[in-house]
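Numbering (the working numbering), first residue to last: 48 to 592.
Read the structure below first, then the notes.
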């Protein structure tokens with residue numbers, strides 16, 4: 048039977064529940080157990096698809112087209128397991144489902160209440176993941192912090208869950224903060240004690256405590272937490288701040304997290320195989336090259352808005368034994384100031400996805416700078432659309448080339464809506480979402496990088512390359528190196544007279560992982576290293592091949 052682990056958090060938000068859940072998933076997989084990880088988010092939005100990145104960070108897209116919380120990206124990257132829409136649940140989606148059932152008469156005229164109807168729907172979503180994928184362990188992360196009014200239905204549901212499936216099949220894990228008080232010169236356990244007290248007041252006794260701290264946790268404090276929180280001392284697991292999130296699974300392994308989890312769930316102890324992960328971390332901390340990459344976007348004040356892009360760059364840098372330095376460039380600044388001031392001396396430029404006109408001219412300016420100055424360039428989604436606009440204006444002679452997203456009445460809409468999108472009003476879930484095939488042009492840069500005739504990548508966009516201008520662009524020197532299998536949709540463009548200039552309509556960052564860096568990012572970092580270390584270009588090329 049499937050076992051269930053519930054991860055809650057206390058004291059403060061952003062304490063790292065997602066990384067803990069993902070790390071536990073990696074540790075269990077290293078012992079040949081199958082896992083699936085589920086995120087329960089307490090916000091009332093149906094999904095984060097219409098939320099500003101400043102509010103909630105990036106929107107992670109699954110293969111089946113669900114717009115989900117960024118933690119699902121961590122789950123996939125750490126476990127090398129594809130998640131689906133079943134792995135992301137929000138309060139909004141729960142209430143929407145319950146109200147739809149009530150409108151259909153499914154409750155036979157009964158009064159619909161939080162208990163049992165909302166809690167039953169939550170439990171059903173958890174069980175659905177277990178039934179659909181039949182993993183050995185389902186790890187469920189509950190968003191927010193214990194005591195939040197929004198998360199109470201989720202807490203009640205997971206409290207009931209142990210009774211429903213049996214005590215031996217459920218484990219509660221609580222992630223909490225052990226702060227260092229500088230004026231007192233010591234670490235304090237009282238916030239954790241209060242957090243556990245709050246958790247126990249709603250009927251949940253944690254089995255394992257994960258203690259976030261910025262320095263080693265003394266044995267005396269572990270004993271104190273064990274006594275006051277009624278948790279065995281071996282189940283008080285320190286999680287000290289690490290230089291990289293990829294070090295966290297190794298740290299938690301040394302502290303015995305997986306061993307205690309398996310013991311409490313009455314599962315067989317297997318020997319872990321973490322050699323590949325250990326090698327990954329060693330390469331991360333012992334680079335032989337250094338590259339500086341500029342990320343040009345309008346959400347750069349919050350790096351989580353481009354989380355998967357950053358991680359994909361990091362994966363490629365690790366694969367190429369390179370130290371990655373990021374230069375965050377606000378595209379709005381490039382609209383009024385000299386582009387070279389912000390981009391001079393970088394080894395590569397990335398223009399990631401986004402929505403809306405704000406900062407677009409700055410992105411177009413950065414792309415022109417990359418093209419003309421022969422700087423390796425990678426455009427993602429909106430970054431490709433801006434590349435098309437830049438080429439139209441500055442090479443193809445279409446001075447007013449634009450996207451209808453930014454200028455609905457432009458005379459040269461090089462980026463346009465598909466006919467089936469013309470009358471769409473709702474924003475949420477109405478784009479081209481999820482995994483789509485793409486056929487690559489032989490002998491192109493894209494084909495060289497992928498080494499495949501047909502690839503599959505994840506999309507999240509509404510606007511497309513306007514085929515009216517396809518011949519004009521090809522004749523002026525653009526290469527359309529990837530299209531949908533029927534040739535209708537342009538997916539990848541590149542410029543051959545350049546060290547590395549490629550842009551794609553999809554989001555390759557969603558399919559990169561530390562154990563398998565994405566071909567586009569790996570090729571981009573290779574080109575960036577070659578720009579920074581031209582004398583070692585042949586050696587680098589041999590390394591990537």
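Beta carbons are placed, not taken as given, at the ideal position from N, Cα and C, and that holds for glycine.
Hey, would you say the C-beta of residue i is under 7 Å away from at least one heavy atom of the ligand MG?
i: residue 523; result: What this structure holds is no ligand at all, so the ligand MG is not there to describe.
Hey, could you find the ends of the beta strand (DSSP E) residue i is sitting in?
i: residue 512; result: 510 to 512
i: residue 310; result: Run containing residue 310: none in the beta strand (DSSP E); it sits in the alpha helix (DSSP H), 304 to 311.
i: residue 370; result: 369 to 377
i: residue 449; result: 448 to 450
i: residue 276; result: Segment 266 to 276 is the alpha helix (DSSP H) holding residue 276; no beta strand (DSSP E) there.
i: residue 497; result: Element bounds for residue 497: not the beta strand (DSSP E) but the alpha helix (DSSP H), 492 to 497.
i: residue 416; result: No beta strand (DSSP E) contains residue 416, which is instead part of the alpha helix (DSSP H) from 407 to 419.
i: residue 344; result: 336 to 344
i: residue 218; result: 217 to 224
i: residue 550; result: 548 to 551
i: residue 186; result: 184 to 189
i: residue 541; result: 537 to 541
How should residue i be labelled, buried or exposed, when 16 other C-beta atoms within 10 angstroms of its C-beta is the threshold for buried?
i: residue 524; result: exposed
i: residue 134; result: buried
i: residue 437; result: buried
i: residue 102; result: exposed
i: residue 573; result: buried
i: residue 284; result: buried
i: residue 323; result: exposed
i: residue 465; result: exposed
i: residue 476; result: Confidence at residue 476 is low in this model, with a pLDDT of 49, below 50, so the placement of that residue is unreliable and no value is reported for it.
i: residue 575; result: buried
i: residue 215; result: exposed
i: residue 269; result: buried
i: residue 518; result: exposed
May I have the straight-line CA-CA distance separating residue i from residue j, to the nearest angstrom?
i: residue 132; j: residue 109; result: 7 Å
i: residue 306; j: residue 316; result: 7 Å
i: residue 205; j: residue 404; result: 43 Å
i: residue 429; j: residue 421; result: 21 Å
i: residue 594; j: residue 412; result: Here the chain covers residues 48 to 592 and nothing more, so residue 594 does not appear.
i: residue 117; j: residue 392; result: 31 Å
i: residue 499; j: residue 128; result: 22 Å
i: residue 487; j: residue 409; result: 30 Å
i: residue 314; j: residue 252; result: 21 Å
i: residue 455; j: residue 462; result: 10 Å
i: residue 452; j: residue 501; result: 29 Å
i: residue 418; j: residue 326; result: 36 Å
i: residue 458; j: residue 64; result: 50 Å
i: residue 169; j: residue 328; result: 37 Å
Which two residues bound the contiguous alpha helix (DSSP H) that contains residue i?
i: residue 298; result: 295 to 301
i: residue 441; result: 429 to 441
i: residue 325; result: 322 to 331
i: residue 177; result: 166 to 180
i: residue 66; result: 64 to 76
i: residue 249; result: It is not in any alpha helix (DSSP H) - residue 249 carries neither H nor E in the DSSP assignment.
i: residue 202; result: 199 to 212
i: residue 101; result: 100 to 103
State the DSSP-derived secondary structure class of residue i, mapped to helix, strand or coil.
i: residue 456; result: coil
i: residue 350; result: helix
i: residue 479; result: strand
i: residue 580; result: coil
i: residue 502; result: strand
i: residue 521; result: helix
i: residue 50; result: strand
i: residue 257; result: strand
i: residue 88; result: strand
i: residue 139; result: helix
i: residue 3; result: Nothing can be reported for residue 3: it is not among the residues displayed for the chain, which extend from 48 to 592.
What residues in its chain sit with their C-beta under 7 Å from that of residue i, if we drop five residues either side in the sequence?
i: residue 98; result: 92
i: residue 389; result: 376, 380 and 381
i: residue 250; result: 206
i: residue 491; result: 526, 528 and 541
i: residue 520; result: 438 and 443
i: residue 355; result: 105, 107, 120, 556 and 557
Given residue i, which residues of its chain have a CB within under 6 Å of its CB, disregarding the five upstream and five downstream residues?
i: residue 472; result: Confidence is the limiting factor: at residue 472 the pLDDT is only 49, short of 50, which leaves the residue's position unreliable, though a coordinate-based value still follows. Excluding sequence neighbours, residue 472 sits near nothing in its chain.
i: residue 55; result: 189, 193 and 221
i: residue 442; result: 523
i: residue 177; result: 49 and 185
i: residue 361; result: 371
Take residue i and list the residues in its own chain whose beta-carbon comes closer than 8 Å to its own, dropping the five residues that flank it on each side.
i: residue 126; result: 69, 72, 73, 76, 82 and 84
i: residue 346; result: 100, 101, 352, 353 and 401
i: residue 537; result: 511, 512, 514, 517, 527, 529, 530 and 552
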